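J.: Protein chains in written order, with the numbering used here: chain A, 249 to 568; chain B, 1046 to 1382.
I am attaching a structure below and will ask some questions about it afterwards.
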């Protein structure tokens, strides 16, 4: 419990750190959302000055940060210049979609990586191992960007799946099962891209840490006792190899979020990615900060989840 | 390993001497050949004669079509080597107009097809590499310099310096890097000159990735500074700077090299991603991301498979660097054990 509490405090400090970093960076940057307006002769400089003061951009950095923290506690997380509404309303739905996509991809990637890694570690040099090693090194050098474009090409050419977005038009009138099916077919391209992209690293780590454990004396003795091969691999060796893998789970969330950003924009998935791109272009400061903060929050949530699993899996952590 | 190094060397040389290898100017438009497919190399002509020197036929657009091409079988254009063509500058300094290969006017050779303005895709990929790969390499240099400096200082002096630097590193490590990259790019001005954009890009990309090398270097420095020979050197009155430069830093070179080989493809990808989304260098400057950006149009993605060629270049470069990194890593492991 003490361990978890320490990790929780650490996570909160991290969030504070990220927000400070965001504000520092935004202060270093020249120009703002309203700079584009200066090019428009129909908007007088007085209007722009009034807008700046209305949104509090004329205040000093600490004042702005203080205001932002206050609004964060109110649950608003600042105000969007472009949408003229609190940031939270803009983010909530999109954050949910991103979370849905990434958690599905994470789950799927681990579901494939664990058995594959364990099996290849148990049978090194056999054909499954060779294929998996070759496949992972190829996948490792194909970036998500190329992967998603290639998948889209195949899908469009074969006319098998709908492309783009999260649901078809007329989604509201579908039956409940129809809705689930519609969502599922829209998920295929983004989820398989993210899964394929994160798979190679996971498989390799599972394999490496399993091989390490399989060389230890207690496995030798278990084998000498005549314990069946599958039971040996999954019941005896895997729990012993789990620690670094649980840590990897916490870390892999970050990579997956980055990948998801890209995939979302390209496949038109209504998540945080397209909004971040749009707000980056228009320099909608608080939306950008809000999105960075929520992605950090996801990451911290992922690593906290990993910590909880670590506590459950490893008695030594509980004692410390 | 050897194969990967040779491959990388070839790719980098071709990119460095893009003017020589590329048959055309990257900005030269051929409005008669929008989205022309890659030229086909032939050895046997329409009459069934065998030619030892490969030749191409000129594309002609099918009548009543917008973008369907067929080969006009009348004149053959043999592929010639070391031909005179449009002028360029070797490494931006020495003017020249000799090209590795080409065909006689009025034909054009499109090794990887053309884009919507009829610009030669192959030439644009080579010139684009000068931006994308250079951005990757330079950003890596920045990252490693910053990382080893901070890692060395924090490992060597320890205490609060170490504590605060490592907390900061943790901050950078947990952040999803693409989000951070986008955010930082969002805070920077959009409308600046291409050179400024390029410099800004590599600085931003390089600054974001300092944390991992810093932590690795710190680890090595921590174990190195307690070695007997370092203590002995200190006992003889060596200054801190001398100790770091002479005894501590050389131990980090292996790790730094491995990191470099890992970071370059990652940073090339970062530049490609930013340019793909229009946040990096924009038209008419070719960069791999900008070239791939045409694939965002539905009809281009579906109809013109050769527009995927920059992706192939990207994959080849990553594959090369990653296998070199792997080889370095294994070498390091075997040395340490």
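The beta-carbon is built from N, C-alpha and C at its ideal position, and this holds for glycine as well.
These numbers come from a predicted model, not from an experiment.
Just how far apart, CA to CA, sit residue 1270 of chain B and residue 1309 of chain B?
T.: Here residue 1270 of chain B refers to the residue found at position 225 when the second chain is read from its first residue. Here residue 1309 of chain B refers to the residue found at position 264 when the second chain is read from its first residue. One C-alpha to the other measures close to 29 Å.
J.: Find out if the Cβ-Cβ distance for the pair residue 1056 of chain B, residue 1365 of chain B is shorter than 9 Å.
T.: For this step, residue 1056 of chain B is matched to residue 11 along the second chain. For this step, residue 1365 of chain B is matched to residue 320 along the second chain. Yes. Within cutoff.
J.: Please report the distance separating the alpha-carbon of residue 447 of chain A from that of residue 1062 of chain B.
T.: Numbered from 1 along the first chain, position 199 holds the residue referred to as residue 447 of chain A. Numbered from 1 along the second chain, position 17 holds the residue referred to as residue 1062 of chain B. If you take the alpha carbons of residue 447 of chain A and residue 1062 of chain B, they lie about 37 Å apart.
J.: What does residue 513 of chain A reach in chain B if we use C-beta pairs closer than 8 Å?
T.: One-based indexing of the first chain puts residue 513 of chain A at position 265. Here the neighbours are 1322.
J.: Tell me, please, which residues DSSP counts as bridged to residue 1129 of chain B.
T.: Here residue 1129 of chain B refers to the residue found at position 84 of the second chain. According to DSSP, which records beta bridges pairwise, residue 1129 of chain B is partnered with B:1143.
J.: At the 9 Å Cβ level, is residue 1255 of chain B part of the contact set with chain A, yes or no?
T.: Stepping through the second chain from its first residue, residue 1255 of chain B is reached at position 210. Not an interface residue.
J.: Whose Cβ in chain A lies nearer than 7 Å to the Cβ of residue 1318 of chain B?
T.: Here the question's residue 1318 of chain B lines up with position 273 in the second chain. The contacting residues are 393, 510.
J.: Can you give me the Cβ contacts of residue 457 of chain A inside the same chain, cut-off strictly under 7 Å, excluding the 5 residues immediately before and after it?
T.: Counted from its first residue, the first chain places residue 457 of chain A at position 209. Cβ within range, chain order: 489, 492, 493.
J.: Under 8 Å, with one C-beta from each stretch per pair, do the segment 340 to 356 of chain A and the segment 519 to 531 of chain A reach the 3-pair mark?
T.: Short answer: they touch.
J.: With H, G and I counted as helix, E and B as strand and the rest as coil, what does DSSP make of residue 1115 of chain B?
T.: For the purposes of this step, residue 1115 of chain B is taken as the residue at position 70 of the second chain. Three-state DSSP puts residue 1115 of chain B in a strand.
J.: Check whether the segment 1131 to 1147 of chain B touches the segment 546 to 562 of chain A, taking contact to mean three or more Cβ pairs, one atom from each stretch, closer than 8 Å.
T.: Not touching, per the Cβ criterion.
J.: Could you tell me whether the Cβ atoms of residue 1306 of chain B and residue 1260 of chain B are closer together than 9 Å?
T.: As a working note, residue 1306 of chain B is residue 261 in the second chain. As a working note, residue 1260 of chain B is residue 215 in the second chain. No. Outside cutoff.
J.: Along chain A, in chain order, which residues have C-beta atoms closer than 8 Å to that of residue 1177 of chain B?
T.: Taking the first residue of the second chain as 1, we reach residue 1177 of chain B at position 132. Within 8 Å Cβ-Cβ: nothing; residue 1177 of chain B doesn't reach chain A, min ~12 Å.
J.: Helix, strand or coil for residue 1353 of chain B per DSSP?
T.: Taking the second chain and counting its residues from 1, the one referred to as residue 1353 of chain B is at position 308. Residue state, collapsed to three classes: helix.
J.: Determine the contact status of residue 1193 of chain B and residue 1297 of chain B, defining contact as a CB-CB distance below 9 Å.
T.: To locate residue 1193 of chain B, count along the second chain from 1; it is residue 148. To locate residue 1297 of chain B, count along the second chain from 1; it is residue 252. Yes, the pair counts as a contact, with Cβ atoms nearer than the cut-off.
J.: So residue 1300 of chain B packs on residue 1250 of chain B, CB below 8 Å; how close in whole Å?
T.: Taking the second chain and counting its residues from 1, one reaches residue 1300 of chain B at position 255. Taking the second chain and counting its residues from 1, one reaches residue 1250 of chain B at position 205. At roughly 21 Å, the Cβ-Cβ gap does not stay under 8 Å, so residue 1300 of chain B and residue 1250 of chain B are not in contact.
J.: Please compile the residues from chain A whose C-beta is within a distance smaller than 7 Å of the C-beta of residue 1230 of chain B.
T.: Position 185 of the second chain holds residue 1230 of chain B. Here the neighbours are 528.
J.: Taking the continuous beta strand (DSSP E) assigned at residue 1088 of chain B, which residues delimit it?
T.: As a position in the second chain, residue 1088 of chain B is number 43, starting the count at 1. Unbroken beta strand (DSSP E) run through residue 1088 of chain B: 1087 to 1089.
J.: What residues in the segment 482 to 512 of chain A bring their beta carbon closer than 7 Å to a beta carbon of chain B?
T.: So the list reads 502, 505, 506, 509, 510, given in the order they occur along the chain.
J.: Keeping to the same chain, check which residues put their C-beta closer than 7 Å to that of residue 1362 of chain B; ignore five residues upstream and five downstream.
T.: Within the second chain, residue 1362 of chain B is the residue found at index 317, counting from 1. The answer, listed in chain order, is 1056, 1178, 1310, 1313.
J.: Touch check for the segment 1076 to 1083 of chain B and the segment 1148 to 1162 of chain B: three-plus C-beta pairs under 8 Å?
T.: A contact exists between the segment 1076 to 1083 of chain B and the segment 1148 to 1162 of chain B.
J.: Mind checking whether residue 1101 of chain B and residue 1124 of chain B have CB atoms under 9 Å apart?
T.: Locating residue 1101 of chain B in the second chain gives position 56, counting from the first residue. Locating residue 1124 of chain B in the second chain gives position 79, counting from the first residue. Result yes, Cβ atoms of residue 1101 of chain B and residue 1124 of chain B sit closer than 9 Å.
J.: What does DSSP give as the partner residues of residue 1122 of chain B in its beta bridges?
T.: As a working mapping, residue 1122 of chain B is identified with position 77 in the second chain. Per DSSP, B:1101.
J.: With a Cβ-Cβ cutoff of 9 Å, do residue 404 of chain A and residue 1346 of chain B count as a contact?
T.: Looking up residue 404 of chain A in the first chain gives position 156. Looking up residue 1346 of chain B in the second chain gives position 301. Yes.
J.: What does the alpha-carbon distance come out to for the pair residue 320 of chain A and residue 335 of chain A?
T.: If you number the first chain from 1, residue 320 of chain A lands on position 72. If you number the first chain from 1, residue 335 of chain A lands on position 87. About 10 Å.
J.: For residue 257 of chain A, report the span of its alpha helix (DSSP H) as first-last.
T.: Here residue 257 of chain A is taken as the residue at index 9 of the first chain, counted from 1. That run of the alpha helix (DSSP H) goes 250 to 276.
J.: Am I right that residue 541 of chain A and residue 266 of chain A are in contact with their C-beta atoms under 8 Å? What's the rounded C-beta distance?
T.: Stepping through the first chain from its first residue, residue 541 of chain A is reached at position 293. Stepping through the first chain from its first residue, residue 266 of chain A is reached at position 18. Indeed, because the Cβ distance is near 6 Å, the residues count as touching under 8 Å.
J.: Could you name the residues of the same chain whose beta carbon sits closer than 6 Å to that of residue 1329 of chain B, not counting the 5 residues immediately before and after it, in chain order?
T.: As a first step, residue 1329 of chain B must be located in the second chain, where it is residue number 284. Excluding residues within five positions, the ones whose Cβ falls inside 6 Å are 1072.
J.: Measure from the C-beta of residue 308 of chain A to each C-beta in chain B and report whether the shortest distance is under 9 Å.
T.: Looking up residue 308 of chain A in the first chain gives position 60. Taking Cβ atoms only, chain B never reaches closer than 9 Å to residue 308 of chain A, which makes this a no.
J.: State yes or no: is the C-beta of residue 530 of chain A within less than 9 Å of the C-beta of residue 330 of chain A?
T.: Here the question's residue 530 of chain A lines up with position 282 in the first chain. Here the question's residue 330 of chain A lines up with position 82 in the first chain. Going by C-beta atoms, residue 530 of chain A is nearer than 9 Å to residue 330 of chain A.
J.: Residue 1227 of chain B versus chain A: which residues are under 8 Å apart at the beta carbon?
T.: As a position in the second chain, residue 1227 of chain B is number 182, starting the count at 1. Per Cβ cutoff of 8 Å: 509, 524, 525, 528, 536.
J.: Where does residue 1122 of chain B land, buried or exposed, given buried means 16+ other C-beta within 10 angstroms?
T.: Start at 1 with the first residue of the second chain, and residue 1122 of chain B comes out as number 77. By the neighbour-count rule (16 or more Cβ atoms within 10 Å), residue 1122 of chain B is buried.
J.: Give the straight-line distance between the Cα atoms of residue 293 of chain A and residue 1338 of chain B, rounded to the nearest whole angstrom.
T.: In the first chain, counting from the first residue as 1, residue 293 of chain A sits at position 45. In the second chain, counting from the first residue as 1, residue 1338 of chain B sits at position 293. If you take the alpha carbons of residue 293 of chain A and residue 1338 of chain B, they lie about 36 Å apart.
J.: Once DSSP output is grouped into helix, strand and coil, what is the label at residue 1134 of chain B?
T.: For the purposes of this step, residue 1134 of chain B is taken as the residue at position 89 of the second chain. Residue 1134 of chain B: strand per DSSP, three-state reduction.
J.: I'd like to know whether the C-beta atoms of residue 365 of chain A and residue 455 of chain A end up nearer to each other than 9 Å.
T.: Position 117 of the first chain, counted from the start, is the residue given in the question as residue 365 of chain A. Position 207 of the first chain, counted from the start, is the residue given in the question as residue 455 of chain A. Contact flag set, yes.
J.: Within the same chain, show all residues whose beta-carbon is closer than 7 Å to that of residue 1209 of chain B, passing over the 5 residues directly before and after it, in chain order.
T.: Residue mapping note: residue 1209 of chain B aligns to position 164 of the second chain, counting from 1. Cβ neighbours of residue 1209 of chain B beyond the five flanking positions: none.
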